[in-house]
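Undergrad: Pasting a structure below so you can have a look.
Protein chains: 2
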Amino acid sequence: MPKTKQFDETEVLRKARNVFWVKGYNGTSMDELVRATGLSRSSIYDTFGDKHGLFVRSIQLYGQEEREALAKIMQNDFSPKKKIHLLFKGMIGDILEDKDNKGCFIVNIITELSCLDKQVTAMASEEMARSEEALFQWVRQGQAAGEINKSHSARTLARHLQNTIYGLRVTGKAGANRAILEDIAKAALSVLD
Amino acid sequence: MPKTKQFDETEVLRKARNVFWVKGYNGTSMDELVRATGLSRSSIYDTFGDKHGLFVRSIQLYGQEEREALAKIMQNDFSPKKKIHLLFKGMIGDILEDKDNKGCFIVNIITELSCLDKQVTAMASEEMARSEEALFQWVRQGQAAGEINKSHSARTLARHLQNTIYGLRVTGKAGANRAILEDIAKAALSVLD
DNA sequence: ATTTATTTGGAACATTCGTTCCAATAACTT
DNA sequence: AAGTTATTGGAACGAATGTTCCAAATAAAT
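Following this line, the structure appears as structure tokens:
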């Protein structure tokens with residue numbers, strides 16, 4: 009009987025998330041979100057509650073898509089070490105391709121809101137833990153296969169790699185070029201050899 | 009003849025900067041700045057122009073104090089490599105001590121505003137370049153003295169160290185404890201051996 | 001085609017935002 | 001001590017903020 013929703017919720021979330029990603033939470037106004045999503049205020053409020061609710065859903069979408077992307081990399085046939093190298097190469101490519109220089113959504117959230125919004129911070133931290141876990145698994149497998157150095161524990165190396173990724177995200181957002189980013193990755197990854 | 013300023017400009021800037029540091033630029037209102045600095049709106053506007061001007065001056069103060077702190081470390085008698093280790097140890101201490109979990113002012117600025125404010129981004133980038141230069145000098149000296157590995161260039165290692173510091177700042181702001189931060193530093197610094 | 005339930009657009013809301021203004025204040029000079 | 005001048009506090013401003021509301025529109029079911 010009722011009129012059905014005229015928009016794809018995921019598509020709207022993707023558009024909203026991109027605005028948040030570029031401008032941050034506090035830097036984004038509802039006016040911009042209305043313009044970016046193409047739907048009206050009432051539809052947004054009816055569907056997502058309020059600005060904060062829309063932000064939370066944006067993060068959830070990001071997490072979901074991130075998990076799917078990771079799963080795709082997981083199931084290729086390269087060795088663990090090669091996977092790590094490909095992850096870094098791909099990330100550097102993403103950083104340089106992104107004309108908006110958005111950086112990492114999670115890093116942006118942590119630096120903007122970790123003092124101000126516990127709920128959102130918890131969501132971001134969970135995402136960080138998840139990706140560290142993937143790195144940890146690869147390092148462990150790589151060490152078992154003998155292609156990754158064992159002078160540091162798998163946990164230590166995973167933390168180091170994760171930390172390097174956050175650094176690259178910041179360095180990249182600060183305007184570093186390909187040569188610099190690859191230089192950093194080279195040095196950081198040499199710990200695995 | 010005139011009435012003189014009743015406040016210490018540097019002291020006011022320090023208070024304002026701390027608010028910006030905790031809440032970000034867009035997350036900070038003039039009301040909060042009035043409350044935090046203890047002086048009135050007119051005094052702020054008369055002295056610093058507007059909110060953005062106050063922010064710019066806050067960054068300049070940060071840069072100045074950072075430079076002084078760096079100079080102090082520079083002139084101790086430890087070896088270059090030891091200086092680097094001390095820098096990391098000190099930074100981890102700072103991160104854990106800071107009950108506000110402010111993170112790094114420069115990193116916060118880059119992640120919040122690199123898409124939105126070119127002037128501020130340029131100032132932050134300059135600060136980043138300056139600290140990379142200090143690291144570069146230490147690495148070069150350490151390599152010359154034979155205490156730092158030469159399999160990577162001094163520039164590469166400096167970039168890697170700088171990148172690790174940014175990472176630590178983010179990881180720390182995400183709530184990591186001492187064990188994790190020291191683990192990361194240990195792995196990252198092992199590239200120097 | 002009519003009914004029904006929900007979405008939708010846009011006007012309107014109170015609040016907060018950054019900023020301006022002015023009268024009152026107070027310090028330095030003579 | 002008196003005059004001069006910049007500082008100061010607080011009221012006031014328009015614009016922008018996040019949010020609410022309601023009449024009109026619309027798609028599904030009868």
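Sequence lines, in order, name chains Z and E.
Counted from 1, the first sequence has number 156 at position 148 by this note's numbering; the numbering is strictly sequential.
Counted from 1, the second sequence has number 106 at position 98 by this note's numbering; the numbering is strictly sequential.
All residues carry an ideal CB built from backbone N, CA and C; glycine is no exception.
For D16/Z, would you say it is in contact with chain E, using Cβ-to-Cβ distances shorter than 8 Å as the test?
TA: Chain E contact via Cβ: absent.
Undergrad: Here's the rule I'm using: 16 or more other beta-carbon atoms within 10 Å means buried, otherwise exposed. How should G35/Z be labelled?
TA: Per the 10 Å Cβ criterion, buried.
Undergrad: Would you list, in chain order, the members of the segment 153-167 of chain Z that have their beta-carbon closer than 8 Å to a beta-carbon of chain E?
TA: Cβ contacts with chain E come from S159, H160, R163, T164, L165 and R167.
Undergrad: Whose Cβ in chain E lies nearer than 8 Å to the Cβ of E120/Z?
TA: In chain order: G32, G35, N116, T119 and E120.
Undergrad: Nearest by alpha-carbon distance to E105/Z: which of G183/Z, E17/Z and Y70/Z is it?
TA: Closest option to E105/Z, Cα to Cα, is G183/Z.
Undergrad: So, is the C-beta of V199/E closer than 8 Å to a C-beta in chain Z?
TA: For V199/E, the answer is yes, since a Cβ of chain Z falls inside 8 Å of its Cβ.
Undergrad: Below 6 Å CB to CB, which residues in the same chain sit around W146/Z once its five sequence neighbours on both sides are set aside?
TA: Contacts found: P88, K91 and I92.
Undergrad: Under the rule that 16 or more other beta-carbon atoms within 10 Å means buried, what is A1/Z, buried or exposed?
TA: Not covered by the structure: residue 1/Z. The range shown for chain Z is 9 to 201.
Undergrad: Quick one: does D108/E have its CB under 8 Å from some CB of chain Z?
TA: Closer than 8 Å: yes.
Undergrad: Helix, strand or coil: which one does DSSP assign to S48/Z?
TA: Reduced to three states, the DSSP call for S48/Z is coil.
Undergrad: Can a CB atom of chain Z be found closer than 8 Å to the CB of I81/E?
TA: No - not a single Cβ of chain Z is within 8 Å of the one on I81/E.
Undergrad: Under 8 Å between the Cβ atoms of W29/Z and N116/Z?
TA: Yes; because the gap between Cβ atoms is below 8 Å, this pair is in contact.
Undergrad: Using a Cβ-Cβ distance under 8 Å, would I103/Z count as near chain E?
TA: Output row for I103/Z: interface = no.
Undergrad: Pick from L189/Z, N171/Z and A196/Z: whose alpha carbon is nearest that of E140/Z?
TA: When each option's Cα is compared against that of E140/Z, the closest is N171/Z.
Undergrad: So what's H93/E in DSSP terms, helix, strand or just coil?
TA: DSSP places H93/E in helix when its eight states are reduced to three.
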